[in-house]
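Residue numbers (my numbering): 41 to 171.
The next block holds one structure in the form of structure tokens; read it before the comments.
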């Protein structure tokens, strides 16, 4: 089995149609292209292109059964994606978030955090996000 590349997964999921295709496959493991076309508002050629990208990124697995190809989600890719996103939550970022929660300053967007010259986590400054 080929190695799963986190960047390729993120790139493949950067398209709304592909995200919707993945959701549909996750809800209906073993679904065929014909069934996907019935559920989605896209052309067959568009679905074919998106499936090629999703399979190439390792997110979707295709298994041929007779004349039909059945699609399912590659759970190894989901695990890889989850680990990648979880790794973004460093202990320092969790500490900053907890401090904001305690002061009622938690927002939807994470503020930029600037470490001061001495490099100590206790000496960070919040900077407002630009729109």
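Glycine included, each C-beta is placed from N, C-alpha and C at the ideal position.
The beta carbon of residue 117 lies closer than 7 Å to those of 44, 49, 98 and 99 in the same chain, with the five residues before and after it left out.
Nearest in C-alpha terms to residue 52, of all of 64, 71 and 93, is 93. Taken through DSSP and simplified to helix, strand or coil, residue 113 comes out as strand. If you draw a straight line from the Cα of residue 123 to the Cα of residue 135, it is about 19 Å long. Rounded to the nearest angstrom, the Cβ distance from residue 90 to residue 57 is 6 Å, consistent with a contact under 8 Å. Under the DSSP assignment, residue 105 falls in the beta strand (DSSP E) whose first and last residues are 100-105. Beta-bridge partners of residue 72 (DSSP): 110.
Contact between residue 132 and residue 46 does not hold, since the beta-carbon distance rounds to 21 Å and is not under 8 Å. Here the alpha carbon of residue 69 sits roughly 21 Å from the alpha carbon of residue 55. Non-local beta-carbon contacts of residue 102 in its own chain, meaning distances under 8 Å to residues more than five positions away in sequence, involve 91, 95, 109, 110 and 111 in chain order. For residue 141, the secondary structure class from DSSP, reduced to helix, strand or coil, is helix. In the DSSP annotation of this structure, the continuous segment of the alpha helix (DSSP H) that includes residue 48 starts and ends at 46-52.
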